[in-house]
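From first to last, the protein sequence lines are chains A and B. With numbering that gives the first Met the number 0, you'll find the first sequence wraps up at 307, consecutive numbering, no jumps. With numbering that gives the first Met the number 0, you'll find the second sequence wraps up at 423, consecutive numbering, no jumps.
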Amino acid sequence: MMGPLTALPLTLCVLFAGMILVGVLDALAWRLLGRVPIDDDDRLTLGGLRAVIRRQSISTERPDLAAWRLAPALYFGLAAAGLALVPVAVAVGRAPVDVEAGIVVWGAVEALTVIAVFLHGWSSNALLPLMGAYRFVAIGLSIMLVSMFVLIGAALPAGSLRLTAIVESQRELWNLVRQPLGLPLFLLLGLAITLRGPLDYADAPDLAGGTSAEDNAQLRLAWQLARAAMLVAFAAMAATVFLGGPLGPVLPGPVWLALKAGLVAAVLVVLGHLLARPDASRMMTFIWVVLLPLSFLDLAIAGLEALR
Amino acid sequence: MAVSEAIPRGHRQVRYFAAIGEDALAWVEGLARDAGLRRVPTPRAASLLLIAGRLPERSWPALRRVHDQMPHPRAVLHWGEGAQPVPDAVALAPAATPAVAMRALQGDLDRGARGSSPDLLPNEPPAPWLGKGPHGQGGEGMMGGTPYGRPMTMRGDELRDGLRLDAHAVTLGPFAPMLPPGLALDLRLQGDVIQRVEVMQPPFRDAMVEAPFAAAIDRPMSAAGLERARAVHHLRCLGRFCALRGAAAPAARAYASAYRATIGGRVDLGSLRRWLWLSGLRPGIAPGLGTLSAAQRGCLSGPALRAAGVPDDLRTRLEPYTGVGFAPIARQAGDVRARIDQWLAEAAQALDLAARLEGLPPTTFAEGLEGPAGALGAPAGGDRGDRPALDLDALLRGLEWGQAVSVLASFSPDALRRMLGAAG
């Protein structure tokens, strides 16, 4: 494990670089896939940043101001914690935070994201944000179950919950090939915890921005930045667990990791712009009746493979 | 008040909240083609309030509340006719293109060359101070008085599973971006499930959509042009629906196709069909969602009626349509899915008709004709008065909020206005 003096700046630098990339990807998707009349996605452009910082900060009637400020900080903190678990090179100890049960810690990051989003919707003391928050909790918890089975499946070939071991176990064959159901299911979780596309039940256009509907100025910016940060963390984690992380010929490990994570981020951005959000109840049924059994199947495939 | 003449340097991004009045939805949606103008879903994220079209006076109080929710520095632009609801709004003629004025206003705000628009409402609590209780709510203890003027939420029977759940009341509209412009609803919700709906105000008139069709009753118009206008209407409705469900890519395709049809370009809906299929829009909508009861079906018209199994279409009886072998499209289900399918199918049909009717002499439809949302003119005028008004409460009760928004968006705003029994 790196010392905190190395781990913290490294994680934050990578996170900020990734967030810039997410901003570029979102702007590109917007240009290539098209604009809609109401622009609910706050893309992180320089013009946008400047405009936001100058705005007056206004509040709602009797908000929970502490929680309103805490929510984006918690969301961002969770993204940073998740990213810190990602091994940047193939060797034990080459993650900023290399812990024995790294993948379980990531599971906790996923689960706590639900808290951050709920807090965000709760704190402004307004109806539309609160509805977004409740809807997200229902969907978020369900899709998280799917993700837990998928992650256990990914840990089986390694025989370890340590992320460096999971990377090492993919030296011969990536988990993407070994467990073909894993990455698609995990990508759906990514859409949920980054509040994008079909799983964006929190900040959706039918709620005028949902949990963000009452945000303005710095708090709005903070929430959007945290959302981008979570996409960076998720992309790096997906690349690690399913695409062999830093493994790859010729180029150095961190470059491979960045390329793979960039690809995952691009896929998520495109899916977010493309896919329609189903009715919440229909999505719930889909998760429990289709996705959850698929995640069992994924786990069974992983188990049989590990026994061989 | 004048806007600075100088066009600001470089690419200036304007975040505006649109308060859409009468006949202005198409104008505002057209602004999306300008990448620097961003229509945001909440006044909290906007620095410019764009009032588009004429605003009836009864919606001014709501506009003032929207205005005061925008953070400083802020400005107001009124694009259209009618009295000025905000004293220091910059007025812009309906024929003007607002993009330049919007950028200039934003530039003036950024440079500090223009003062921020002051509050229109007094900064005081919405509920009067009654002197008793910690919040002056007029009572002590948990149940005394009404703190902040809002009665405590009380439990009521849940509609779906028999549990008891807190129910809360809320008023939305007439500028809520997820509802048709002008529609104001008084809702009672349990979680996000609708318990009761009352229509406070129907959607604003949107005569722009029907203008060419209405004109064709009195003077000769090109039938091909009318069919293109019909396709544009359907495609825009489809785009709006996709955008509400978060499917940006198909929504943008639908709007782009509508724009190409407007300027008379060749439109191929194959690409839109593929994007729609890829987006999974259709399977995500519950089958049977938004089906009207047999008693209510009488208030349907146009594409929504044909989507519910009634192939009524004036074009089957009118020249020049009979000459090119027009046959109406109809489907059975009558739910949201069917209405979406119907828009796409009728848009394609209209474009095909436009191609076949091209070059024919203009026609006057003195006997009436099929407008984009139902029959217009003489034959329809008589029976429209007999139509029952839509019982929105019966249609939306028990639906999740997202579903209710989809049901409302599956009718064109003008059709919904007429279904709700508004005159004109």
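Ideal Cβ positions, reconstructed from N, Cα and C, are used throughout, including at glycine.
Distance CB(residue i)-CB(residue j) smaller than 9 Å
i	j	result
B/Glu366	B/Asp191	no
B/Asp22	B/Asp205	yes
B/Leu368	B/Val335	no
B/Gly155	B/Asp165	yes
B/Ala303	B/Gln341	yes
B/Arg32	A/Arg281	no
B/Phe16	B/Val89	no
A/Ser123	A/Asp214	yes
B/Gln194	B/Leu158	yes
B/Asp160	B/Thr170	no
A/Leu230	A/Gly76	no
A/Arg317	A/Ala78	This structure leaves residue 317 of chain A out entirely; chain A is present only between 0 and 307.
As assigned by DSSP and simplified to three states, the class of residue i
i	result
B/Gly224	helix
B/Asp160	coil
B/Arg32	helix
B/Thr41	coil
B/Trp128	coil
B/His134	coil
A/Ile57	coil
B/Thr362	strand
B/Val27	helix
B/Gly423	Residue placement at B/Gly423 cannot be trusted, given a pLDDT of 48 that sits under 50; what the coordinates show is reported in the next sentence. Correct three-state label for B/Gly423: coil.
B/Ala108	For clarity, residue 108 of chain B is Leu in the given sequence; the question names Ala instead. Residue state, collapsed to three classes: helix.
A/Thr210	helix
A/Trp173	coil
B/Met142	coil
A/Leu126	helix
B/Ile328	coil
A/Arg307	coil
B/Thr170	strand
B/Asp340	helix
B/Glu318	coil
Whole-angstrom distance between residue j and residue i, CA atom to CA atom
i	j	result
A/Gly196	B/Cys241	12 Å
A/Val240	A/Ala164	10 Å
A/Leu27	B/Arg252	16 Å
A/Phe233	A/Leu82	8 Å
B/Ala202	A/Leu127	Correcting the residue type first, residue 202 of chain B is Pro in the shown sequence and not Ala. If I take the Cα positions, the gap works out to 21 Å.
B/Asp118	B/Trp78	20 Å
B/Pro86	B/Ser116	9 Å
B/Asp67	A/Ile57	10 Å
B/Ala281	B/Gly135	Going by the sequence as given, residue 281 of chain B is Arg instead of Ala. Taking the straight line joining both Cα atoms gives about 51 Å.
B/Gly324	B/Gly376	23 Å
B/Arg149	B/His167	10 Å
B/Phe410	B/Leu234	12 Å
B/Ala301	B/Glu345	Note that residue 301 of chain B is Gly in the sequence shown, not Ala. Whole-angstrom Cα-Cα distance: 10 Å.
Residues near residue i by beta carbon distance below 6 Å, same chain, minus five either side
i	result
A/Ala247	As written in the sequence, residue 247 of chain A is Gly, which differs from the Ala given in the question. Contacts found: Trp255.
B/His232	Val208 and Pro371
B/Tyr147	Ala126
A/Gly139	Val113 and Ala191
A/Ala157	Ala164, Ile165 and Ser168
B/Arg416	Pro201 and Pro202
A/Leu293	Leu180
Contacts around residue i, its chain only, beta-carbon distance under 7 Å, and the 5 residues preceding and following it disregarded
i	result
A/Gly106	Met147 and Leu150
B/Ala379	At B/Ala379 the pLDDT is 46, less than 50, meaning the model places this residue with poor confidence and gives no usable figure here.
B/Arg239	Ala408
A/Gly271	Leu190, Arg195 and Gly196
B/Cys298	Arg386, Pro387, Ala388, Leu389 and Met418
B/Pro176	Pro40
B/Pro412	Leu24, Pro179, Pro180, Pro202 and Asp205
A/Val136	Val113 and Phe117
Cutoff 8 Å; reference residue i; Cβ partners in own chain excluding five residues on either side
i	result
B/Ala214	Met220
B/Ala337	Ala306, Ala307, Arg330 and Gln331
B/Glu4	For B/Glu4, the pLDDT reaches just 39, beneath the cut-off of 50, and the residue's location in the model is therefore unreliable, although a value from the coordinates is still provided. Excluding sequence neighbours, B/Glu4 sits near Ala103.
B/Ser405	Phe240, Leu243, Arg244, Ile284, Leu288, Gly289 and Val335
B/Pro319	Ala222, Leu356, Leu359 and Thr362
B/Ile339	Leu237, Phe240, Leu280, Arg281, Ile284 and Ser409
A/Leu306	none
Closer than 8 Å: residue i CB and nearest the ligand COA heavy atom
i	result
B/Val192	In the structure shown, the ligand COA is absent, as is every other ligand, since no ligand is present at all.
Residue i at chain D interface by Cβ criterion, 9 Å
i	result
A/Gly101	In the displayed structure, chain D is absent; the protein chains listed are A and B.
* Asked: With contact counted as at least three CB pairs below 8 Å, one residue from each stretch, are the region 36 to 47 of chain B and the region 269 to 287 of chain B in contact?
  -> no
* Do the region 173 to 182 of chain A and the region 296 to 307 of chain A touch if we need at least three Cβ pairs shorter than 8 Å? -> yes
* Are the region 70 to 87 of chain A and the region 6 to 16 of chain A touching, with three or more C-beta to C-beta distances below 8 Å? -> yes
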